[in-house]
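Number of protein chains: 2
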Amino acid sequence: LKSLGQQWVVELYDCSPHQLDDIDFIRETMLAAAHKMGATVVEEVFHHFSPYGISGVVIIAESHLAIHIWKEYGYIALDVFTCGDGISPEVGFEVIKKAVDAKSSKVVKTLRGIKSELGIDESQPHKPE
Amino acid sequence: LKSLGQQWVVELYDCSPHQLDDIDFIRETMLAAAHKMGATVVEEVFHHFSPYGISGVVIIAESHLAIHIWKEYGYIALDVFTCGDGISPEVGFEVIKKAVDAKSSKVVKTLRGIKSELGIDESQPHKPE
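In order, the protein sequence lines correspond to chains A and B.
Going by the working numbering, the residue at position 116 of the first sequence is 147; the numbering climbs one at a time, nothing skipped.
Going by the working numbering, the residue at position 89 of the second sequence is 120; the numbering climbs one at a time, nothing skipped.
In structure tokens form, the structure reads like this:
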């Protein structure tokens, strides 16, 4: 990997409205996504706004998942940020997109902590034969 | 505004190392940033990793601020996501960048929930004179 982490900045459109105001469902979905990714959950916090709207974050040892829901527009702003080998935002994205039945989505993928910019040199010297 | 929100995905480089493992300092800095932005804090959670490393999130009524710190590289991954008029990620970014004494930074700005994509029409009809 050429960066410490990778982040998917996700827009989910036309989500199933009856699930977008159920904070327990959203929490369980976010935790399920973290577990399916193979992440280690360290903290989680969810908040329900009046009359509706949910914001929540799952901090994982490998960074975080964050969600903000606008039920009135069937719209979800989702971030999935992971670090390290063997864990990918894509797995979490797929779990959440399916759970909320998003009809379409847009993903912007960014690298976080590009190693060459941090002075990290992981090039492996070749051993002489 | 043409979107529900805006998010700054921020890389902070060459930060002052003696502040990067102080969870109380980081929490206070993040809360100060939220307050300076004029945001309403609804939840906050911070976690210290062993031997070092801090992850934390402040959920605001207007979305969130999230931070992940790699002390060993003097590097911080910061997200500042705000919604609505009269509140800008830039203010929070500036508070945090100054507090950790980052020598350089990189910001990727994204719009979240573009209104035309959500079918929101805010055009004001002109009144006949």
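All C-beta atoms in this analysis are idealised placements derived from N, C-alpha and C, irrespective of residue type, glycine included.
Please read these numbers as outputs of a predicted model, since none were measured by experiment.
Where residue i sits in the DSSP three-state scheme
{"i": "residue 137/A", "result": "strand"}
{"i": "residue 53/B", "result": "coil"}
{"i": "residue 70/A", "result": "coil"}
{"i": "residue 120/B", "result": "helix"}
{"i": "residue 151/B", "result": "coil"}
{"i": "residue 131/A", "result": "coil"}
{"i": "residue 5/B", "result": "For residue 5/B there is no data in the structure shown, the boundaries of chain B being 32 and 160."}
{"i": "residue 48/B", "result": "helix"}
Nearest to residue i (by Cα), restricted to the options the options
{"i": "residue 137/A", "options": "36/A, 43/A, 32/A, 34/A", "result": "43/A"}
{"i": "residue 116/A", "options": "70/A, 101/A, 134/A, 88/A", "result": "70/A"}
{"i": "residue 81/A", "options": "57/B, 77/B, 73/B", "result": "73/B"}
{"i": "residue 84/A", "options": "100/A, 48/A, 92/A", "result": "100/A"}
{"i": "residue 45/B", "options": "139/B, 132/B, 149/B, 140/B", "result": "132/B"}
{"i": "residue 106/A", "options": "151/B, 64/B, 51/B", "result": "151/B"}
{"i": "residue 35/A", "options": "154/B, 103/B, 139/B", "result": "103/B"}
{"i": "residue 125/A", "options": "50/A, 68/A, 145/A, 33/A", "result": "68/A"}
{"i": "residue 39/A", "options": "54/A, 33/A, 114/A, 110/A", "result": "110/A"}
{"i": "residue 127/B", "options": "140/B, 98/B, 91/B", "result": "98/B"}
{"i": "residue 91/B", "options": "91/A, 143/A, 79/A, 149/A", "result": "79/A"}
{"i": "residue 57/A", "options": "33/A, 41/A, 89/A", "result": "89/A"}
{"i": "residue 139/A", "options": "41/A, 59/A, 49/A", "result": "41/A"}
Partner residues on chain A for residue i, Cβ-Cβ distance less than 7 Å
{"i": "residue 139/B", "result": "141"}
{"i": "residue 59/B", "result": "Near residue 59/B there are no residues of chain A at all, since even the closest Cβ is about 18 Å away, more than 7 Å."}
Cα-Cα separation, residue i to residue j
{"i": "residue 120/B", "j": "residue 108/B", "result": "14 Å"}
{"i": "residue 130/A", "j": "residue 134/B", "result": "42 Å"}
{"i": "residue 122/A", "j": "residue 96/A", "result": "12 Å"}
{"i": "residue 76/B", "j": "residue 94/B", "result": "14 Å"}
{"i": "residue 66/B", "j": "residue 112/B", "result": "14 Å"}
{"i": "residue 141/A", "j": "residue 118/A", "result": "15 Å"}
{"i": "residue 51/B", "j": "residue 153/B", "result": "44 Å"}
{"i": "residue 33/A", "j": "residue 145/B", "result": "31 Å"}
Strand pairing of residue i, partner residues [DSSP]
{"i": "residue 89/B", "result": "75/B, 96/B"}
{"i": "residue 112/A", "result": "38/A, 95/A"}
{"i": "residue 145/B", "result": "34/B"}
{"i": "residue 62/B", "result": "DSSP lists no partner for residue 62/B."}
{"i": "residue 107/A", "result": "43/A, 100/A"}
Cross-chain neighbours of residue i in chain A, by beta carbon under 9 Å
{"i": "residue 111/B", "result": "Under the 9 Å cutoff, chain A gives no residues; its nearest Cβ is about 12 Å from residue 111/B."}
Neighbour list for residue i in chain A, Cβ cutoff strictly below 8 Å
{"i": "residue 144/B", "result": "42, 101, 104, 106, 108"}
{"i": "residue 151/B", "result": "104"}
Contacts of residue i in chain B (Cβ-Cβ under 9 Å)
{"i": "residue 85/A", "result": "Here the premise fails: no neighbours, minimum Cβ distance about 10 Å."}
{"i": "residue 49/A", "result": "In chain order: nothing, as chain B lies at least about 18 Å away."}
Partner residues on chain B for residue i, Cβ-Cβ distance less than 7 Å
{"i": "residue 37/A", "result": "What residue 37/A touches in chain B: nothing, since even the nearest Cβ is about 11 Å away."}
{"i": "residue 131/A", "result": "Here the premise fails: no neighbours, minimum Cβ distance about 15 Å."}
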